[in-house]
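Mapping the sequence shown onto numbering that gives the first Met the number 0, position 177 (from 1) lands on 176, and the numbers just tick up by one.
For every residue, glycine included, the Cβ atom is placed at its ideal position computed from N, Cα and C.
Scroll down for the structure; my scribbles are underneath it.
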Amino acid sequence: MVHRGYSRYLRYLLLWNDILILNLSNLLIGFVYYSSFKYFDDPKWLRYFILLNVIWIVIAFINPPYNVLSDRLLKLFPLLRSVTISLIVHGLIIFSLIDIPFKEHGNSFLKIYALTLISVYLSRWLLIVSVKWYRKKGFNYRNVVLFSSEKTNTLLTKYLTDHKTLGYHLKGFFMIDELIHLEEKKSELKEYFNTHEIDEVFINPEGINEKVMASFIDFCEDEFIKVKLISDIGIELNRKLEANNYNQFWLLEISPLPLDSWQNRYIKRIVDIVFSLIIVLVILSWLFPILWIIIYIESGTPILFKQLRSGKKNQSFNCLKFRTMYANDKADLIQTSENDERVTKVGKFLRKTSLDELPQFINVLKGEMSVVGPRPHMLKHTKDFSQIVERYLQRHHVKPGITGLAQIKGYRGQISSIQDIKGRVNFDKFYVENWSFSLDLKIILQTIRFIFKPHKKAY
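Following this line, the structure appears as structure tokens:
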């Protein structure tokens with residue numbers, strides 16, 4: 000078969016790209032520090048640059064930051080994660096050596112790796128954008144053929160057609176039961192594979208005899224065609240699946256979530272803490288005393304309103320808000336509605352601008368909430384909605400948020416119908432299943448816009 004994949008070339012290209020960036024970063028910081036390149040007269044600089052490159056190449060082979068290129072999805076985070084780990088290891092090894100430049104100047108050493116990291120990140124992003132654009136133009140593709148049931152063939156055909164950035168050209172599909180008479184069809188299949196220059200075969204082995212399947216795999220390998228197994232279990236269950244290999248056994252995890260990964264949770268938690276500290280120190284430190292006085296004058300104490308809400312794994316917690324209502328015994332039962340008489344004058348302003356939610360950054364620092372996530376509901380509403388909306392509690396797989404995807408899509412204020420809560424929950428479940436740092440950032444920026452342009456349902 001003619002091979003049209005360029006992953007192996009991309010690996011070497013990225014290796015030399017990283018080496019170039021690493022060296023240029025050192026040269027630039029060295030020039031800034033010494034104001035010239037005369038420092039090269041010192042032999043230790045030559046040794047330093049040789050070590051710099053040799054150690055990176057060794058790390059690249061031991062813990063390759065380029066293997067993720069074999070994934071046709073070309074996900075940005077695995078690319079960044081792998082190269083970040085390699086750069087940290089590289090920096091620690093270099094800094095541990097006795098006679099290297101910059102060692103007595105830790106700031107310069109950190110600047111080198113910070114500059115390298117930023118430059119490498121940009122190059123990875125450009126790589127993904129470029130390769131996906133290249134594939135849309137019809138290059139860097141692999142010809143594939145499907146062997147499965149009619150339903151799976153139809154769904155997978157549509158998916159591959161809609162996602163051209165994967166770089167797969169679908170040449171055709173066969174019903175899986177055609178392989179029952181494999182021996183009789185080998186010459187026909189061989190001609191088909193050669194005519195269409197097939198690179199890979201996707202096959203669902205369900206219902207096929209083990210010997211027939213093994214024979215088909217051998218046949219494909221003799222033709223230098225890769226075989227990839229597919230399963231329609233996820234289609235039948237209407238769930239995402241993730242496969243984990245245990246020797247010769249495969250364990251399919253149902254509905255794996257991005258925030259099941261400790262790395263993703265760690266990143267989200269760091270962002271939560273940093274962002275919340277900024278809000279608390281820069282805004283709440285002076286705004287809290289002002290609002291305390293205003294709220295106290297209008298409606299007395301307490302200034303903060305605490306209400307039990309449903310959190311992660313449906314565990315309840317005290318959600319904090321600036322008090323926007325006169326004291327009443329129905330706060331835990333009845334939602335706020337438009338022109339609600341319980342809302343104070345200053346409360347209307349706080350609700351309109353979402354400033355009443357600011358104390359929830361304290362909940363975030365305590366680990367009870369996140370900056371972004373599904374909004375926490377009252378306990379009674381969680382109980383009621385879980386009986387109305389299918390898979391409602393799946394929104395509780397993550398921490399509730401101060402703002403969320405449903406809110407920036409217009410689902411704010413009073414829940415007035417079944418369709419309203421279903422719409423919110425659908426956006427919440429989409430967020431839980433498709434979380435990413437970039438999605439959080441987008442939601443935060445959209446939320447800031449709502450502060451200056453209040454939503455009509457913010458009451």
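Nearest residue (CA-CA) to residue i, options the options
{"i": "K136", "options": "L258, W55, I56, H162", "result": "H162"}
{"i": "L150", "options": "F173, S129, R141, F138", "result": "A small correction: the amino acid at residue 150 is Lys; Leu does not occupy that position in the sequence shown. Taking only the C-alpha atoms, the option nearest K150 is F173."}
{"i": "N52", "options": "I20, D427, K227, N142", "result": "I20"}
{"i": "I207", "options": "W124, T300, F146", "result": "F146"}
{"i": "L50", "options": "W285, S34, K311, L91", "result": "L91"}
{"i": "K347", "options": "V363, R322, K365", "result": "R322"}
{"i": "I175", "options": "L188, E187, E205, I302", "result": "E205"}
{"i": "Y47", "options": "L26, S35, V31", "result": "L26"}
{"i": "G403", "options": "Q418, Y112, F429", "result": "F429"}
{"i": "E187", "options": "S148, K351, L303, F218", "result": "F218"}
{"i": "S369", "options": "Q393, I269, I292, K441", "result": "I269"}
{"i": "I229", "options": "E222, E199, K184", "result": "E199"}
{"i": "L364", "options": "G310, S275, N16, P255", "result": "S275"}
{"i": "F201", "options": "R141, P257, E190", "result": "R141"}
{"i": "T83", "options": "R123, K311, V57, S415", "result": "R123"}
{"i": "T300", "options": "W291, R308, Q306", "result": "W291"}
{"i": "K320", "options": "W55, K344, L349", "result": "L349"}
{"i": "L155", "options": "N203, R134, N362, I272", "result": "N203"}
{"i": "L14", "options": "V119, K43, K110", "result": "V119"}
Environment of residue i [buried if 16+ CB atoms lie within 10 Å]
{"i": "L121", "result": "exposed"}
{"i": "H395", "result": "buried"}
{"i": "N406", "result": "Reading the sequence as shown, one finds Gln at residue 406 and not Asn. With 16 or more other Cβ atoms within 10 Å, it is buried."}
{"i": "H180", "result": "exposed"}
{"i": "L86", "result": "buried"}
{"i": "V424", "result": "buried"}
{"i": "N193", "result": "exposed"}
{"i": "L68", "result": "Residue confidence for L68 is low, a pLDDT of 49 falling below 50, so the modelled location carries little weight; the figure read from the coordinates is stated next. By the neighbour-count rule (16 or more Cβ atoms within 10 Å), L68 is buried."}
{"i": "G29", "result": "buried"}
{"i": "I93", "result": "buried"}
{"i": "G409", "result": "exposed"}
{"i": "S35", "result": "exposed"}
Boundaries (first-last residue) of the beta strand (DSSP E) holding residue i
{"i": "F138", "result": "Careful: F138 lies outside any beta strand (DSSP E) and carries neither H nor E."}
{"i": "N546", "result": "Nothing can be reported for residue 546: it is not among the residues displayed for the chain, which extend from 0 to 458."}
{"i": "V226", "result": "225 to 228"}
{"i": "V200", "result": "199 to 202"}
{"i": "I401", "result": "400 to 402"}
N-terminal and C-terminal residue of the alpha helix (DSSP H) that residue i is part of
{"i": "M174", "result": "That residue, M174, is in no alpha helix (DSSP H); its beta strand (DSSP E) goes 167 to 174."}
{"i": "G422", "result": "417 to 432"}
{"i": "I207", "result": "Careful: I207 lies outside any alpha helix (DSSP H) and carries neither H nor E."}
{"i": "E149", "result": "149 to 161"}
{"i": "F178", "result": "Checking the displayed sequence, the identity of residue 178 turns out to be Leu instead of Phe. Here L178 belongs to no alpha helix (DSSP H), and DSSP marks it neither H nor E."}
Cα-Cα separation, residue i to residue j
{"i": "Q386", "j": "V371", "result": "25 Å"}
{"i": "L114", "j": "Q359", "result": "36 Å"}
{"i": "K157", "j": "Y167", "result": "12 Å"}
{"i": "V144", "j": "S214", "result": "17 Å"}
{"i": "P399", "j": "K170", "result": "45 Å"}
{"i": "T446", "j": "S107", "result": "38 Å"}
{"i": "E209", "j": "L165", "result": "30 Å"}
{"i": "S315", "j": "D259", "result": "21 Å"}
{"i": "I443", "j": "S437", "result": "10 Å"}
{"i": "K189", "j": "T160", "result": "25 Å"}
{"i": "I197", "j": "K225", "result": "9 Å"}
{"i": "T109", "j": "S24", "result": "Strictly speaking, residue 109 in this sequence is Leu, with Thr absent from that position. Their backbone Cα atoms lie some 11 Å apart in a straight line."}
{"i": "N362", "j": "H380", "result": "20 Å"}
{"i": "K311", "j": "Y191", "result": "53 Å"}
{"i": "L307", "j": "P375", "result": "9 Å"}
{"i": "S435", "j": "S416", "result": "30 Å"}
Check your understanding: What residue ranges within the region 347 to 394 form continuous alpha helix (DSSP H) runs of no fewer than 4 residues, ordered along the chain?
Key -> 359 to 364, 378 to 385
Review point. Could you give the uninterrupted runs of the beta strand (DSSP E) lying entirely in the region 274 to 312, keeping only those of 3 residues or more?
Key: 303 to 309
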